[in-house]
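Here is the structure we will look at, set down as structure tokens.
Chains as they are written, first to last, in my numbering: chain A, 2 to 468; chain B, 346 to 621; chain C, 713 to 1003.
Rendered as structure tokens:
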């Protein structure tokens, strides 16, 4: 039973440009007037066989990080409110604190955050503590989800896999990325180089364009210590070399593949990266590349928008993208990252339904489009969660100017190079990831040799995992 | 003499330059376009722009509400702290307080609780009281750090005031409270000014508790600055502008307080005598 | 003469109690919570392990190499920054008092570092100033022919750098506090000294310094507390790295509690930090009153 759109009310029309945080208090009558203009646009949603208004009157708070892709979502949220009668408040929490703040809320059975932008590696933690709801409960409920309209399987499979524990989904991917080689096409072309196909090629290419006297360094990767920093790139190398995180059911962080991967990492950065790289995180890499000082770096494809920002980039039109290089077995492993929305298990039933309506709206194809090429603000999202959208013509137009091969490399990467076991999935990930990250950086700065650093990390992790 | 003064002056200027350099650099950064910020060699000559300030103050992610939020939090904290601390410091330093040494050390000791260990209990307590994301909640937590700090800072200033001054006032049948108000406090103006600045400053710059215990209502400048350190890039110029804007109220306060700090240089103390 | 004294006692209590009661109310419960947590096994990532642990967390500290290295770093960091702050702060205060011309400007410049939010200070120093090949510092050292250093990327240099950043940021506190103390000193004692033909250095050493002692001790204690709980600037500048080269105890406790989610163990480390702070302060406190 589809809902008929209400007749647009006469009266004031207002254009809401960008609502950042607190939304104005509403009373029943005026909001009809206020969002009159949005009513007309809701046809795309109302065609779904779902009663969008079943949780009307609820109020939910969503924690997000300050980022363009969430700003775009915030900008279109009035449409959701008009559609459902649910009020949404956003709280922007700095990325370094959002996990902690969400965990603080969840662990004390608080209901401050109905949902939040969640790190996929934390779902094991969440689930073992029973802090979040299994999503299949909501996907399978015909009253809450119109599967034909919503098309859950259209969402990038590996992202859904990353957000699942023991096969059950716990967070719906909203925005994500894959990592690619990002290189200076002009420099490579000048030397007749092709983007690297193997890890050895990476070294060769880096050497060829390495020219520190002219302030061009051959290559760079994240060095900054952190589970989401240098430990975001290292696992790709590890897996490409055939490494396995678990051996015989227990964690194994100092296998020979682990050491080999770290040695490659250290070699590449010591020889061809600027010394500052040891403290660099991806924004620093993007900055350096956009200033023309890097020949190559491997990082998130969504940094394309930064690199193409005319305000600060000096390398417009000189950027090329390629998939991760292969390991000896021909395996390419990209990173899996997505910000997903879980449902706080401590909420009331009605609030949970309201939260699900929000999540399904935000992750629906229509909203993804409306925050991307259809967005009215300056931010047009790139990290869409559905392959069908990546392959659509509209997106191609948007992504066209970002650099050579951006679209194809990204799509291929998401189709073929995503490995759900790319990082060790365990509830103790926060501790394990940090320990490994410390070891990586220690090796990078020469404080320890790769094998030493990993042995020490393994010892510490074994201690942590002891029960 | 002249040479000595000249040398001192040069030394002073040099020190100040080194001192102020990073902040001056921040100021320059805030006036550059994003492009110029990343230029290398670092540019000292560039085309300045006020666009960053316009952006952060009046743009979509304006920090004006956050400035207001910070002013409320820090202002309240400072006011309440001084209200409690001045009498307490006076009692501790100049009166016959029972168990003075023990009480004094206890007060100092409460400041030693490591903030890291306090975040969670405070969160749980405030949550239980329904005071998360409220001004009274955050101010209450800030008080626990500010009070011991202020009390002990004031104690060292109060102690410097000669006993004779008070005795003179008491002999005049002024009564103790009046002695405090009319005699001691004006003498300690410099010390009070310093205490006020630092109590204000500490709560202004505080980050950890502001992020955890605040939210949308109580959102201070230190938290809001992260709007410019998004996950995709650091907007250096805007961040610098926000940092400068965040410093402005404290500098203003500092300037006002400065006048009181060095009053003692020109105004003499009690004539004749003055040994403790 | 008991009545006036009793009156004074009551008056003193009346003035002191509000602050005391407030502190007791707001710090006792959290302290109890901290201690209680430290004797539990609470690890959010392994909820099935939760339970009473007795002193197991503390025992674990003994064998934890990272803890001991962190402890060592903390001592170096704290001692160095506090001493530097007091020495430089005092020197600056004396200097400013001597210089008449442009004193206002000097005073303003002197407080600038402290007014900058530590988080921002850490970020600025990391990316804009100290980054090799990209930062201002590197540009200057090269221009002066001193070569290039990886200030935050080299383990030894990183410790030096964060000490420098912290000192830079907080010396203005020592400066202002001691300036106010100096300004409040009665000037006529110098007269007496001058009559005794005492030179400026002797005047300083034998008269000024002892009179400043209580203020200096308080500054030292307060600065020490800040150094021990230093967080934002180091976190932004190095994250405790490279490796663990700048991971002071406070940072380690934060990592344990908030990143590794091992709340029990993190609370134990925080408690150790508390005990250290209390012990050292107690010792310093006694110095205050020594005649």
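The beta carbon of each residue, even a glycine, is placed where N, CA and C say it ideally should be.
- Task: At 7 Å on the CB atoms, spell out the chain B contacts of residue 685 of chain C, in chain order.
- Result: This structure cannot settle anything about residue 685 of chain C, because the visible part of chain C is limited to 713 through 1003.
- Query: What residues in the segment 852-865 of chain C bring their beta carbon closer than 8 Å to a beta carbon of chain A?
  - Reply: 860, 862, 864 and 865
- State yes or no: is the C-beta of residue 989 of chain C within less than 8 Å of the C-beta of residue 937 of chain C? yes
- Query: Using DSSP with H/G/I as helix, E/B as strand and the rest coil, what is residue 49 of chain A?
  - Reply: coil
- Message: Strictly under 8 Å for the Cβ-Cβ distance: is residue 383 of chain B near chain A by that measure?
- Response: yes
- In terms of DSSP beta bridges, what is residue 933 of chain C paired with? According to DSSP, residue 933 of chain C bridges with nothing at all.
- Can you give me the start and stop residues for the beta strand (DSSP E) that residue 93 of chain A sits inside? 88-93
- Item | Beta-carbon neighbours of residue 313 of chain A, restricted to chain B and to distances below 7 Å | 379, 380 and 383
- Is the segment 861-877 of chain C touching the segment 947-965 of chain C, taking contact as three or more C-beta pairs under 8 Å? yes
- Item | Cα-Cα separation between residue 455 of chain A and residue 927 of chain C, rounded to whole angstroms | 49 Å
- Item | Per-residue DSSP class, three states only, for residue 26 of chain A | Residue placement at residue 26 of chain A cannot be trusted, given a pLDDT of 42 that sits under 50; what the coordinates show is reported in the next sentence. Note: residue 26 of chain A maps to coil in three-state DSSP.
- Message: Under 8 Å, CB to CB, which of the residues in the segment 475-502 of chain B have a partner in chain C?
- Response: 485, 486, 488, 489, 492, 493, 494, 496, 497, 498, 500, 501 and 502
- Query: Looking at the C-beta of residue 843 of chain C, does it have a partner C-beta in chain A at a distance below 8 Å?
  - Reply: yes
- Query: Does any C-beta atom of chain C lie closer than 8 Å to the C-beta of residue 512 of chain B?
  - Reply: no
- Would you list the residues sitting across from residue 156 of chain A in a DSSP beta bridge? A:387
- Message: Comparing C-alpha positions only, which one of A:152, A:179, A:148 and A:150 sits nearest to residue 160 of chain A?
- Response: A:179
- Task: Count the other C-beta atoms from every protein chain shown that fall within 10 angstroms of the C-beta of residue 993 of chain C, then say buried if there are 16 or more, exposed otherwise.
- Result: buried
- Query: residue 437 of chain A and residue 232 of chain A: beta carbons closer than 8 Å?
  - Reply: yes
- Identify the contact partners of residue 550 of chain B in chain C, using a Cβ-Cβ distance below 7 Å as the criterion. 829 and 830
- Which residues of chain B have a Cβ atom closer than 8 Å to the Cβ of residue 105 of chain A, listed in chain order? 465, 468 and 557
- Item | Sequence-distant residues of its chain with Cβ nearer than 6 Å to residue 830 of chain C (five each side left out) | 944 and 945
- Query: Taking Cβ positions only, does residue 889 of chain C come closer than 8 Å to chain B?
  - Reply: yes
- Name the DSSP bridge partner or partners of residue 178 of chain A? A:338
- Message: Less than 6 Å between C-beta atoms, sequence neighbours within five positions excluded: which residues of the same chain meet that for residue 23 of chain A?
- Response: With a pLDDT of 40 at residue 23 of chain A, under the threshold of 50, the modelled position of this residue cannot be trusted, and the question is left open.
- Task: Evaluate residue 458 of chain A with the Cβ neighbour count: other Cβ atoms within 10 Å of its Cβ, from every protein chain shown; 16 or more gives buried, anything less gives exposed.
- Result: buried
- Message: Whole angstroms are fine: how far does the CA of residue 427 of chain A sit from the CA of residue 373 of chain A?
- Response: 33 Å
- Between the segment 350-364 of chain B and chain C, which residues of the former have a C-beta closer than 9 Å to a C-beta of the latter? 350, 353, 354, 356, 357, 358, 360, 361, 362, 363 and 364
- Query: Hey, quick one: how far does the beta strand (DSSP E) through residue 320 of chain A stretch, first residue to last?
  - Reply: 320-323
- Query: Are the C-beta atoms of residue 450 of chain A and some chain C residue less than 8 Å apart?
  - Reply: no
- Item | Neighbour-count burial assignment, residue 392 of chain A, 16 or more Cβ in a 10 Å radius | exposed
- Query: By how many angstroms is the C-alpha of residue 531 of chain B removed from the C-alpha of residue 602 of chain B?
  - Reply: 14 Å
- Going by Cα to Cα distance, which pick from A:211, A:52, A:253 and A:365 is closest to residue 461 of chain A? A:253
- Message: Please confirm whether residue 457 of chain B has its beta-carbon closer than 8 Å to some beta-carbon of chain C.
- Response: yes
- Item | 8 Å contact criterion, which residue 61 of chain A and residue 359 of chain A should meet: CB distance rounded | 6 Å
- Query: Which residues does DSSP pair with residue 456 of chain B in a beta bridge?
  - Reply: DSSP output for residue 456 of chain B lists no bridge partner at all.
- If you draw a straight line from the alpha carbon of residue 443 of chain A to that of residue 390 of chain B, how long is it in whole angstroms? 39 Å
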